[in-house]
Amino acid sequence: MTQPLAYIHPDAKLAQNVVVEPFTVIHQNVEIGEGSWIGSNVTIFPGARIGKNCRIFPGAVISAIPQDLKFQGEETLAIVGDNTTIRECVTLNRGTVDKYKTQIGKNCLIMAYCHIAHDCIIGDNVIIANNVQMAGHVEVGDFARFGGTAAVHQFVKIGKHVMISGGALVRKDIPPYTKSAREPLGYVGINSVGLRRSGFSEEQISQIQEAYRYIYLKNLNTTDALTQIEINLPASSERDEIVNFIRNSERGIMKGLS
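FYI, the UniProt record's numbering numbers position 118 of the sequence shown as 118, with every residue one higher than the one before it.
Given below as structure tokens:
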């Protein structure tokens, strides 16, 4: 159902049961999947690809051009996965030649006033609380959780199942399964509550905790800690996720306990 006071470009592709509320503007080269609801005063620019059963609340701006002076008008996308909710006044910019897309996964909740810049890749089941500001080229793993007003530096990578405290300034990569807090941001333990809620067994959680003892508590440098983890801990997907994430970190990982 489309309200008569909404404007939808004739070349936009909307599934038949998409609801568009008054005073919303949807430009050309936009696709919106079945069951999605677009609230009033939303602007959806060219390049948006919005999945099924999404909810986009008033004031959101989706797929505006990047705030990047190197952008030359190339055709890029802003992708929103199925069942994702985007709350009031969120801004989601489309990609540049780096990845040609900005992408939010399925089943995510992006709360009011968040900004997600060009070429960010957000996994599935991610919750980003109010007013989080995310610079370009950030990558976020599945089931990550952000406290309100956190700010993320460009090119940072954030692992799966992490919990980042409200007001955090995220300058370094955040390894998977961890909690981070304080200023400067540092390791404060593993996200055991989140892991249990996601169905991890006590044995899996114990192994994750043991891995981070090598990283943060045994006074080893990172290279030696990763070697000791591979020698002393049995192979598992969680162990390998931790080792590969840290080994491939380009910005370096957050600091340990002080």
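We treat Cβ as the ideally placed atom computed from N, Cα and C, and that holds for glycine.
Note that the structure is predicted; figures quoted are calculated from it, not measured.
Item to check | Residues that Lys-179 bridges to, as DSSP identifies them | outcome: Met-163
Checklist entry - beta strand (DSSP E) containing Val-61: first to last residue? => result 61-64
Item to check | Straight-line gap, Lys-52 to Asp-82 (C-alpha atoms, nearest Å) | outcome: 5 Å
Item to check | Cβ neighbour criterion (16 or more within 10 Å) applied to Ala-15 | outcome: Ala-15 comes out exposed.
Checklist entry - Do you know whose CA, among Gln-207, Ile-32, Phe-155, Gly-256, lies nearest Ile-62's CA? => result When only C-alpha atoms are compared, the closest one is Ile-32.
Next on the checklist: Going by C-alpha to C-alpha distance, which of Phe-71, Arg-182, Gly-159, Tyr-177 sits closest to Leu-169?
Outcome noted: Arg-182
Next on the checklist: Cutting at 7 Å between CB atoms, please list the residues of its own chain near His-118, excluding the five before and the five after it.
Outcome noted: Pro-66, Asp-68, Asn-93, Arg-94, Gly-95, Thr-96, Thr-102, Gly-136
Next on the checklist: For Val-80 and Ile-50, which I take to be in contact (beta-carbon distance under 8 Å), what is that distance rounded to the nearest angstrom?
Outcome noted: Sure, about 5 Å apart at Cβ, within 8 Å.
Item to check | Buried or exposed (CB count within 10 angstroms, at least 16 for buried), Lys-160 | outcome: buried
Checklist entry - Any idea what DSSP makes of Asn-93, helix, strand or coil? => result Residue state, collapsed to three classes: strand.
Next on the checklist: Pull the bridge partners of His-9 from the DSSP assignment, please.
Outcome noted: None; His-9 has no bridge partner.
Checklist entry - So with Cβ pairs under 8 Å, would you call Lys-157 a contact of chain C? => result Given the protein chain composition of this structure (a single chain), no chain C is represented.
Checklist entry - Are the CB atoms of Thr-84 and Lys-106 nearer to each other than 8 Å? => result yes
Checklist entry - What do you get for Leu-5, buried or exposed, if any count of 16 or more other CB atoms within 10 angstroms of its CB means buried? => result exposed
Next on the checklist: Looking at Glu-34: is its Cβ nearer than 8 Å to the Cβ of Pro-58?
Outcome noted: no
Checklist entry - Which residue comes first and which comes last in the alpha helix (DSSP H) that contains Gly-47? => result Here Gly-47 belongs to no alpha helix (DSSP H), and DSSP marks it neither H nor E.
Item to check | DSSP three-state assignment for Leu-169, whether helix, strand or coil | outcome: strand
Checklist entry - CB Gly-194 to CB Gly-166, shorter than 8 Å? => result no
Item to check | alpha helix (DSSP H) runs contained entirely in the segment 182-208, provided each spans 4 or more residues | outcome: 192-197
Checklist entry - Would a C-beta distance cut-off of 8 Å place Tyr-216 and Ile-229 closer than the cut-off? => result Contact: no.
Item to check | Backbone secondary structure at Leu-226 - three-state DSSP | outcome: Collapsing the DSSP output to three states places Leu-226 in a helix.
Checklist entry - Would Ile-231 be called buried (16 or more neighbouring beta carbons within 10 Å of its own) or exposed? => result exposed
Checklist entry - By how many angstroms is the C-alpha of Val-42 removed from the C-alpha of Cys-120? => result Answer to the nearest angstrom: the Cα atoms are 21 Å apart.
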